[in-house]
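Residue numbers (our numbering): 2 to 273.
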């Protein structure tokens with residue numbers, strides 16, 4: 002029974018994780034075993050091919066025997082450095098996005114104030130049936146990795162809650178990021194005020210990101226009014242459809258900054 006519980010947990014947390022290479026999975030497997038179980042696969046070098054061999058070897062050898070592993074599945078999670086209490090939840094929003102026929106579709110967006118561009122997945126772009134424009138652009142990411150982009154489309158999004166709507170250009174790429182958050186977790190421990198409507202009601206469910214909204218729109222979608230819940234619970238930001246125009250604010254600033262200073266030689270009437 003203990004062996005089966007281990008394999009079930011390892012299968013969910015590691016074996017079926019497509020983002021991990023087999024070599025990494027092999028390292029995680031070795032880190033979870035000890036005593037007889039570890040010695041059973043010690044002769045196998047860490048490689049992609051040997052990972053499958055190690056799994057089969059353990060299943061055959063310990064199927065009817067007691068498999069000695071670390072006592073609780075949380076130890077496996079620690080090997081993977083998954084600590085739910087310390088996870089940072091990225092800012093996700095559920096929007097309505099409009100297709101070529103004017104029909105609304107649900108769209109999950111990631112808000113990224115550090116991005117200079119907006120990005121939409123190829124799958125959603127095709128679903129909307131919008132006509133793309135041909136471009137020749139390069140997006141630079143972490144470690145200066147460049148991604149070549151050949152298509153750009155203009156999309157219109159609407160809020161599910163308010164009358165907010167806007168349109169903007171997006172580069173089209175096959176994928177934006179891994180499913181967010183990395184794992185699904187129980188959100189029942191979070192005591193939300195009854196009047197709070199979440200921008201992403203299923204923020205706790207690991208799902209794909211359809212759209213990345215960059216700095217150009219980010220600050221118009223969020224205002225600095227955090228909602229603090231009880232101690233050790235998440236801090237929420239409020240979504241808004243701000244109509245304030247940054248350009249107008251900057252213009253007013255310069256109007257004040259450029260007030261003409263009175264000439265010392267002017268008369269009292271002139272200074273008035």
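C-beta atoms are modelled at their ideal positions from N, C-alpha and C, and glycine is treated no differently. Everything numeric in this text was worked out from a predicted model, so none of it was measured.
Using three-state DSSP, classify residue i as helix, strand or coil.
i, result
"residue 11", "helix"
"residue 171", "strand"
"residue 51", "helix"
"residue 25", "helix"
"residue 193", "coil"
"residue 57", "helix"
"residue 199", "coil"
"residue 219", "helix"
"residue 90", "coil"
"residue 298", "Absent from the structure is residue 298, since the part of the chain shown begins at 2 and ends at 273."
"residue 46", "coil"
Who pairs with residue i in a beta bridge, going by DSSP?
i, result
"residue 181", "208"
"residue 106", "98"
"residue 20", "In DSSP, residue 20 forms no bridge with anything."
"residue 152", "135"
"residue 147", "141"
"residue 120", "172, 213"
"residue 159", "97, 166"
"residue 112", "214"
Is it buried or exposed, residue i, if we count other Cβ atoms within 10 angstroms and call 16 or more buried?
i, result
"residue 280", "What the structure shows of the chain is the stretch from 2 to 273, and residue 280 is not part of that stretch, so it cannot be assessed."
"residue 94", "buried"
"residue 119", "buried"
"residue 7", "buried"
"residue 181", "buried"
"residue 109", "buried"
"residue 149", "exposed"
"residue 115", "exposed"
"residue 197", "exposed"
"residue 200", "buried"
"residue 13", "exposed"
"residue 129", "buried"
"residue 145", "exposed"
Tell me whether residue i counts as near the ligand PLP, meaning its Cβ is closer than 7 angstroms to at least one heavy atom of that ligand.
i, result
"residue 190", "No copy of the ligand PLP appears in this structure; indeed no ligand is present at all."
Checklist line | Touch test, the stretch 116-132 against the stretch 200-218, Cβ-Cβ under 8 angstroms, three pairs minimum | finding: yes
Check: Counting pairs of beta carbons, one from the stretch 183-191 and one from the stretch 133-141, are three or more of them closer than 8 angstroms?
Finding: no
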